[in-house]
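Structure, as structure tokens:
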Amino acid sequence: MSRPAFRFAPSPNGRLHLGHALSALLNARMARALGGRLLIRIEDIDRTRCTPELEAGVLEDLAWLGLDWERPVRRQSEHFNEYAAALDRLSAMGLVRKAFLTRGEIARAVAQLAETRGQPWPCDPDGAPLYPGDEAVLSPQEIAAREAQGAPFALRLDMRAALARCKAPLSWQELQDDEGRQAPTPIAADPARWGDVVLARKDTPTSYHLSVVVDDALQGITHVVRGRDLYEATAVHRLLQALLGLPEPLYRHHRLVMGEDGRKLSKSQGDTALAELRKKGATPEEIRRLVGLEP
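And the structure:
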């Protein structure tokens with residue numbers, strides 16, 4: 167059997183904070199406990215916000231924490247062709263639809279539809295309103311006009327058709343401890359709650375959902391250890407893995423590091439950035455204590 171493989175996959179659109187430190191350290195600890203490999207993946211599909219300078223800062227922070235990972239580092243921006251190939255496979259199955267509605271148009275449309283129906287419009291697990299379909303808002307003539315004009319669009323997964331293609335119920339295996347030693351628990355996956363998720367856009371040839379499952383398969387990732395905020399998204403990832411015939415890793419969704427206001431940390435909160443804490447004299451051992459890990 168191949169060695170267990172773990173990955174920490176930050177986006178270089180800001181400096182790492184304490185929440186990232188917890189995730190990176192847990193991946194390293196579980197890899198060490200199971201005699202596995204640790205990989206770093208740079209998730210930089212957003213070429214506007216992600217920069218080489220920020221990537222260098224991310225890797226500097228990880229090295230300062232004491233992490234040791236395999237080289238070379240995988241950068242998503244260097245593998246758009248692989249995501250395009252996966253998207254082409256889904257399209258060949260008849261599972262991809264072009265959608266011209268903008269976020270603002272969707273928000274206005276679902277507000278009107280909810281008023282007409284007399285009940286709230288359904289939202290996905292992240293709280294965003296489900297895509298209603300261009301046909302529910304735009305006339306065939308308007309859709310054709312936008313197509314002819316080369317208007318911006320998203321490529322969405324046709325969720326109903328995708329689920330119809332998957333005959334067996336979907337689930338994932340969730341590890342129950344931060345050492346990866348307890349038997350995992352099967353979790354029922356319900357991707358329908360996400361509606362027709364975005365797989366790519368006109369100006370971005372992939373989405374987080376598509377790229378992450380392709381990367382995990384190509385890198386041989388056996389254990390996906392990430393924050394609880396991505397727990398619900400695993401249902402979409404399991405669906406894409408099933409459709410594309412990709413292997414199913416084990417999952418562990420760990421606790422989040424919360425700010426003083428009780429909310430999840432973000433990169434805009436500079437006081438929790440590792441670089442800022444280093445300037446104030448923090449050591450890697452202190453970072454471990456701050457995130458609730460024993461040095």
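So the mapping is simple: this note's numbering equals the position in the sequence shown, first residue as 1, plus 166. The C-beta atom is built at its ideal place from N, Cα and C for all residues, glycine as well.
(message) Let me make sure I understand the geometry here. Which of Leu192, Arg347, Phe174 and Lys445 has the alpha-carbon closest to that of Arg421?
(response) Considering only alpha carbons, the answer is Leu192.
(request) Would you please state the rounded distance, in angstroms, between the beta carbons of Leu253 and Ala366? I believe it to be under 8 Å. (result) Confirmed, about 6 Å.
(message) I'd like the list of long-range same chain contacts for Arg203, defined as Cβ closer than 8 Å, with 5 residues on each side in sequence excluded.
(response) Result list for Arg203: Arg169, Pro170, Ala171, Phe172, Ala197 and Glu236, in chain order.
(message) So, does the stretch 294-309 touch the stretch 256-274, judging by three or more C-beta pairs under 8 Å?
(response) Flag = yes, the stretch 294-309 and the stretch 256-274 touch.
(request) Decide if the stretch 395-408 is in contact with the stretch 331-347; the criterion is three or more beta carbon pairs, one per stretch, under 8 Å apart. (result) Here the stretch 395-408 makes contact with the stretch 331-347; the two share three or more CB pairs at distances below 8 Å.
(request) Please go through the same chain and pick out, in chain order, the residues whose beta-carbon is closer than 8 Å to the beta-carbon of Leu459, but skip the five residues on each side of it. (result) Result list for Leu459: Leu188, Leu191, Leu192 and Arg195, in chain order.
(message) Contact defined as beta carbons within less than 8 Å: I believe Arg240 pairs with Asp362. What is the distance between those atoms, to the nearest angstrom?
(response) The beta-carbon distance between Arg240 and Asp362, rounded to whole angstroms, is 28 Å. This is too long to meet the 8 Å contact definition.
(request) Can you grab the Cα-Cα spacing for the pair Asp222 / Arg215, in whole Å? (result) In the sequence on display, residue 222 carries Ala and not Asp. Approximately 14 Å, taken between the alpha carbons.
(request) Inspect the beta-carbon positions of Ala358 and Pro335 and report whether they are closer than 8 Å. (result) Taking a C-beta distance under 8 Å as the contact criterion, Ala358 and Pro335 do not qualify as a contact pair.
(message) Assuming Lys368 is part of the alpha helix (DSSP H), what are its boundary residues?
(response) Per DSSP, Lys368 belongs to no alpha helix (DSSP H) and is neither H nor E.
(request) Could you check the C-alpha separation between Leu440 and Arg207 for me, to the nearest Å? (result) In this structure, the alpha-carbon of Leu440 lies about 19 Å from that of Arg207.
(message) Measuring straight from C-alpha to C-alpha, what distance separates Leu406 and Ala327?
(response) Distance between the alpha carbons of Leu406 and Ala327 is about 12 Å.
(message) Is it buried or exposed, Met424, if we count other Cβ atoms within 10 angstroms and call 16 or more buried?
(response) The residue in question, Met424, is exposed, as its Cβ has fewer than 16 Cβ neighbours within 10 Å.
(message) Is the beta carbon of Val378 closer than 8 Å to that of His403?
(response) Yes, the Cβ-Cβ distance between His403 and Val378 is below 8 Å.
(message) Please state whether the Cβ-Cβ distance between Tyr322 and Ala265 is less than 8 Å.
(response) In the sequence on display, residue 322 carries Arg and not Tyr. In contact: Arg322 and Ala265 (Cβ atoms closer than 8 Å).
(request) In the DSSP assignment, find the alpha helix (DSSP H) that holds Gly185 and state where it starts and stops. (result) Boundaries of the alpha helix (DSSP H) harbouring Gly185: Leu184 to Ala199, taken from the DSSP string.
(request) Specify, as a first and last residue, the run of the alpha helix (DSSP H) that Thr400 falls within. (result) Thr400 to Leu410 is the extent of the alpha helix (DSSP H) around Thr400.
(message) Give me, in chain order, the residues of the same chain whose beta-carbon lies closer than 8 Å to that of Ile387; leave out the 5 immediate sequence neighbours on both sides.
(response) Excluding residues up to 5 positions away in sequence, Ala171, Phe172, Arg173, Leu205, Asp381 and Pro415 lie with their Cβ nearer than 8 Å to the Cβ of Ile387 in the same chain.
(message) Would Leu376 and Asp324 qualify as a contact pair, given that the criterion is a beta-carbon distance under 8 Å?
(response) No, the pair does not count as a contact, with Cβ atoms beyond the cut-off.
(request) Output the boundary residues of the beta strand (DSSP E) element that contains Phe172. (result) Ala171 to Phe174 is the extent of the beta strand (DSSP E) around Phe172.
(request) Over the uninterrupted beta strand (DSSP E) stretch that includes Ala265, give me the two end residues. (result) The continuous beta strand (DSSP E) containing Ala265 extends over residues Val262 to Ala265.
(request) Give the straight-line distance between the Cα atoms of Glu209 and Pro218, rounded to the nearest whole angstrom. (result) Rounded to whole angstroms, the gap between the alpha carbons of Glu209 and Pro218 is 12 Å.
(request) Within 10 angstroms of the Cβ of Ser177, are there 16 or more other Cβ atoms? Answer buried if so, exposed if not. (result) Classification for Ser177: buried.
(request) Label Pro295 either buried or exposed according to how many other C-beta atoms from any shown protein chain fall within 10 Å of its C-beta, with 16 as the threshold for buried. (result) It is buried - the Cβ of Pro295 has at least 16 other Cβ atoms within 10 Å.
(request) Give me the Cα-Cα distance between Val457 and Lys445, rounded to the nearest whole angstrom. (result) When rounded, the distance between both Cα atoms is 18 Å.
(message) According to DSSP, is Met259 part of a helix, a strand, or is it coil?
(response) If DSSP states are grouped into helix, strand and coil, Met259 belongs with coil.
(message) Here's the rule: buried if 16 or more other CB atoms are within 10 angstroms of the residue's CB, otherwise exposed. What is Pro298?
(response) Residue environment: Pro298 is assigned as buried (16 or more neighbouring CB atoms within 10 Å of its CB, all protein chains considered).
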